[in-house]
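Here the structure is laid out as structure tokens; the discussion comes afterwards.
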Amino acid sequence: MSAPLTAPVPCLIFSAMSEYVDQIETGESVGLVEKRFFTFGGDEPLELESGRRLGPVTLAYETCGTLNADKTNAILVCHALTGDSHVAGVYSGNEPKPGWWNIMVGPGKPIDTDKYFVICSNVIGGCMGSTGPTSANPATGQPYGASFPVVTIGDMVRAQRHLVDSFGIDTLLAVVGGSVGGMQVLEWSVRYPHRVHAAIPLATTTKHSAQAIAFNEVARQAIMADPKWNRGDYYETGRPEHGLAVARMVGHITYLSDESMRHKFDRRLQDRVELSFDFEADFQVESYLRYQGNKFVDRFDANSFLYLTKAADYFNLENHYGDGSLVAAFSRASCRYLVVSFTSDWLYPTYQSKNMVKAMKKNGLDVSFCEIEAPWGHDAFLLPNKRLSDLLSGFLHKICLHCRIGAHDEI
Amino acid sequence: MRYDLQVIASWIEPGSRVLDLGCRTGSLLAHLAERKSIIGTGIEIDEDAAGRAIAKGLSVIHGDIYEEIEDYPDNAFDYVILSQALMQVLDPETLIREMLRVGKLGIVSFPNFTHYKNRFQMFFTGRAPMSKELPYEWYNTPNIRVIPIIDFRRFCKHLGVPIVKELALSTHHHDEQGKVINFLPNLFATFGVFMLGQAR
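Protein chains in written order, with this note's numbering: chain P, -16 to 394; chain L, 7 to 206.
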């Protein structure tokens, strides 16, 4: 990362091809939104899956749309690994970049804020306002750092449940999310089956493959090998920026595909006409990854990255709820599912979605599944895609009819 | 809706559980859900068709009917429908047995290959017949099987599968109207529709 930072060739798709989408024409927006904070567990700490206790717990969250009188139109959106609560809209009139799923959430959009009340919160262990390793440990007054307890997808979902409770919402109309957000969706549907009418897990899995764990481990090692990491205690001495940037580069590769990289970069050179014969960023793909890595460092915390990747690696729905059987795990569920995978997603390949669909079918659950042809790899769920939009809006509309939410409802 | 689908729909009891194999964009399932309050599921291999069906609010699995049907428990459905897809099925025996495992009743419709026009065409031109129902050349047809109504009956007998009901129809497959053929159906019907029961 010592090379001078060169921005990639200006191209919409370049910046769009990221877990954190920006600069996409997103249509009508929900307008101004505000990040709020909800704190619980001051008196009674949250008992974590690890056995450790965490409290008080704060969740940063945002809402769009209006909760109806009988509180039946709420949709919880779960963000992916390094996302945040800023799902749609803007914080101020001059903010150039709207929320990460502005293409999907807004007035007249598939997750229609004219009809639905959308909640999105930052996961615990994150660094975007919710309690995580950057938060002050109430016992010491210092940031938790590596003393923060390891949290799981189940812990994240239990914290979200406290937030949902605080609105007086009994049953969520739907829980929606992609990637690690999709794991939270699956966890919700199995942990709290009576509090979810519908679940939409996108581009996700019921457990990480060895390959997915391997990539996460390389990313974690990049952080921990950076001397500045200092066993997680770096908030006064300077952050392990190199390690975090490399971790992001590794992760970023897994979000793309051979085809999308060939199409966008191929072997084109960056700002030069011939090879440099040194270790500058010769190729556009190198420059792009360096740019993404460095951009990520500005907004993300290295310890948080360790905790969140660990939570994703630990997620194992069949072991946790079915003693190794996914069919047994889904026997707890009762909601309707829409499962979506993408052809070029090699991080969570279609066979993993098909496995969960199979287990749902064996339990007689109402499930729809579509594998969308898309060349962009795992990131596809965040990119504009008419098929995905149509699936979500049609499916949610059906759920509304089923739950008798709509025309007669005074929102 | 296609006339053979109208006939199939008329056979379905209200409120029943229905699996439609090769449901395309789900017009039969949508019709049955609206008119007969059925609980329906479709399986469709084409992404575009499956996507449109899900976008209509139907429960549809995008996938291959052989693979997808395996996952359902025995007697999960009251009816399993295979409309105008049998001609494209590689292993009809396995599929029909699977249909009657997951469903109490199976309904199959297919174009009758030995309709008199096909026979005349073959006899007088000496070429493989092309019809409105089977509008392909030998080299581009997705229809790998040719099925006369009487051969299908023999096939059911061979499987030990009882034929609960059958109707022979004369219609164009895009036509929404048609009529029932009682006289020499193997000669005069363009379509056969069969309801099959579980083998005893």
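Heads up, the beta-carbon is just placed ideally off N, CA and C, and yes, glycines get one too.
Closest to G203/L by CA distance: which of F194/L, R107/L, W144/L, N149/L is it?
-> Position 197 of the second sequence, counted from the first residue, corresponds to residue 203/L. The shortest C-alpha separation from G203/L is found at R107/L.
Tell me which same chain residues have a C-beta within less than 7 Å of the C-beta of K293/P, skipping the five on either side of it?
-> Within the first sequence, numbered from 1, the residue matching residue 293/P stands at position 310. Same-chain partners within the cutoff: V133.
Beta carbon of E139/L nearer than 8 Å to that of M7/L = As a working note, residue 139/L is residue 133 in the second sequence. As a working note, residue 7/L is residue 1 in the second sequence. No; because the gap between Cβ atoms is not below 8 Å, this pair is not in contact.
Between Y72/L and the rest of its own chain, which residues show a CB-CB distance below 7 Å, the 5 nearest in sequence each way excluded?
-> Position 66 of the second sequence holds residue 72/L. Same-chain partners within the cutoff: L101.
Taking the runs of the beta strand (DSSP E) that are 3 residues or longer, which of them lie wholly in the region 97 to 139 of chain L?
-> 109 to 117
Would a C-beta distance cut-off of 8 Å place T196/L and T177/L closer than the cut-off?
-> Mapped onto the second sequence, residue 196/L falls at position 190. Mapped onto the second sequence, residue 177/L falls at position 171. Yes, the Cβ-Cβ distance between T196/L and T177/L is below 8 Å.
Is the beta carbon of F200/L sitting closer than 8 Å to the one on I169/L?
-> Here the question's residue 200/L lines up with position 194 in the second sequence. Here the question's residue 169/L lines up with position 163 in the second sequence. Yes, these two residues count as a Cβ contact at 8 Å.
Just how far apart, CA to CA, sit S72/P and I102/P?
-> Start at 1 with the first residue of the first sequence, and residue 72/P comes out as number 89. Start at 1 with the first residue of the first sequence, and residue 102/P comes out as number 119. The question names Ser, but residue 72/P is Gly in the sequence shown. Approximately 13 Å between the Cα atoms of the pair.
State yes or no: is the beta carbon of I60/L nearer than 8 Å to at least one beta carbon in chain P?
-> Here residue 60/L is taken as the residue at index 54 of the second sequence, counted from 1. By this cut-off, I60/L is an interface position.
Note down, one range per segment and in chain order, each beta strand (DSSP E) of at least 3 residues found wholly within the region 166 to 236 of chain P.
-> 179 to 185
Collapsed DSSP secondary structure at M139/P in the structure displayed | Against the first sequence, residue 139/P aligns to sequence position 156. M139/P: helix per DSSP, three-state reduction.
Proximity test, Cβ basis, 8 Å: C353/P and chain L = For the purposes of this step, residue 353/P is taken as residue 370 along the first sequence, with counting starting at 1. Yes, C353/P lies at the interface with chain L (some Cβ there is under 8 Å from its Cβ).
Hey, quick one: how far does the beta strand (DSSP E) through S324/P stretch, first residue to last?
-> Here the question's residue 324/P lines up with position 341 in the first sequence. Taken as a continuous stretch (DSSP letters only), the beta strand (DSSP E) holding S324/P covers 319 to 325.
Rounded C-beta distance between T326/P and E356/P? I'm assuming under 8 Å.
-> As a first step, residue 326/P must be located in the first sequence, where it is residue number 343. As a first step, residue 356/P must be located in the first sequence, where it is residue number 373. Between E356/P and T326/P the Cβ distance is about 5 Å, and since that is below 8 Å, they are a contact.
If you run the structure through DSSP and keep just helix, strand and coil, what is V13/L?
-> If you number the second sequence from 1, residue 13/L lands on position 7. Looking at V13/L - three-state DSSP - the assignment turns out to be helix.
Is the Cβ of L289/P closer than 8 Å to any Cβ of chain L?
-> Your numbering for residue 289/P matches position 306 in the first sequence. No, because no Cβ of chain L sits closer than 8 Å to the Cβ of L289/P.
From P14/L to L185/P, what distance separates their C-alpha atoms?
-> As a working mapping, residue 14/L is identified with position 8 in the second sequence. As a working mapping, residue 185/P is identified with position 202 in the first sequence. The sequence given here places Ile at residue 14/L; Pro does not occur at that position. The alpha-carbon atoms of I14/L and L185/P are separated by roughly 35 Å.
Do the CB positions of M93/L and I44/L come within less than 8 Å of each other?
-> Mapped onto the second sequence, residue 93/L falls at position 87. Mapped onto the second sequence, residue 44/L falls at position 38. Contact flag unset, no.
Sub-8 Å separation of F23/P and H191/P beta-carbons | Indexing the first sequence from 1 puts residue 23/P at position 40. Indexing the first sequence from 1 puts residue 191/P at position 208. Not closer than 8 Å, so no.
Under a Cβ-count criterion, where at least 16 other Cβ atoms within 10 Å of its own Cβ denotes burial, should A145/L be classed as buried or exposed?
-> Taking the first residue of the second sequence as position 1, residue 145/L is located at position 139. The sequence shown places Tyr at residue 145/L, not Ala. That one is exposed.
Closer than 8 Å, Cβ to any Cβ of chain L: which residues of the region 334 to 367 of chain P, in chain order?
-> K337, V340, K341, K344, K345, G347, D349, V350, S351, F352, C353, E354, I355, E356
Members of the region 61 to 77 of chain L near chain P, C-beta cut-off 9 Å = A61, K62, G63, L64, S65, V66, I67, H68, G69, E73, E74, E76, D77
Mind checking whether R255/P and D241/P have CB atoms under 8 Å apart?
-> To locate residue 255/P, count along the first sequence from 1; it is residue 272. To locate residue 241/P, count along the first sequence from 1; it is residue 258. No.
If you compare alpha carbons, which of F100/P, T41/P, N346/P, Y320/P is closest to V16/P?
-> Mapped onto the first sequence, residue 16/P falls at position 33. Of the listed residues, the one whose Cα sits closest to V16/P is F100/P.
Could you work out which residues of chain P lie near G57/L, taking near to mean beta carbons separated by less than 8 Å?
-> Within the second sequence, residue 57/L is the residue found at index 51, counting from 1. Those within 8 Å of G57/L in chain P are C353, I355, R370, D373, L374.
Under a three-way DSSP split, which group does L155/P fall into?
-> As a working note, residue 155/P is residue 172 in the first sequence. Strand at L155/P.
Exposed or buried, what is E224/P when buried is set at 16 or more other beta-carbons lying within 10 Å of its beta-carbon?
-> Here residue 224/P refers to the residue found at position 241 when the first sequence is read from its first residue. So E224/P counts as buried.
In the DSSP assignment, find the unbroken alpha helix (DSSP H) run with G46/L in it and report its ends.
-> As a working note, residue 46/L is residue 40 in the second sequence. Not the alpha helix (DSSP H): G46/L falls in the beta strand (DSSP E), residues 45 to 50.
By how many angstroms is the C-alpha of S317/P removed from the C-alpha of C386/P?
-> For the purposes of this step, residue 386/P is taken as residue 403 along the first sequence, with counting starting at 1. For the purposes of this step, residue 317/P is taken as residue 334 along the first sequence, with counting starting at 1. If you take the alpha carbons of C386/P and S317/P, they lie about 14 Å apart.
Going straight from the alpha carbon of V70/P to that of V88/P, what length do you get?
-> By one-based count along the first sequence, residue 70/P stands at place 87. By one-based count along the first sequence, residue 88/P stands at place 105. So the two alpha carbons sit approximately 7 Å from each other.
Residues of chain L with a CB under 7 Å from the CB of G399/P: which are they?
-> Here chain P covers residues -16 to 394 and nothing more, so residue 399/P does not appear.
Using beta-carbon positions only, say whether A181/P and R315/P come within less than 8 Å of one another.
-> Here the question's residue 181/P lines up with position 198 in the first sequence. Here the question's residue 315/P lines up with position 332 in the first sequence. Taking 8 Å as the Cβ cut-off, A181/P and R315/P do not qualify as a contacting pair.
Chain L beta carbons: is any one of them nearer than 8 Å to that of K381/P?
-> Numbered from 1 along the first sequence, position 398 holds the residue referred to as residue 381/P. So, interface residue.
Residue closest to Y271/P, alpha-carbon to alpha-carbon, out of F260/P, V233/P, L291/P, S68/P = Along the first sequence, read from residue 1 onward, the residue named residue 271/P stands at position 288. Among F260/P, V233/P, L291/P, S68/P, the Cα nearest to that of Y271/P is on V233/P.
What residues of chain P sit near A82/L, judged by a beta carbon separation below 9 Å?
-> The count along the second sequence starts at 1 and reaches residue 82/L at position 76. Simply K344, G347.
Cross-chain neighbours of E53/L in chain P, by beta carbon under 8 Å | Counting from 1 along the second sequence, the entry for residue 53/L is found at position 47. Within chain P, the residues near E53/L are C353, E354, I355, E356, R370.
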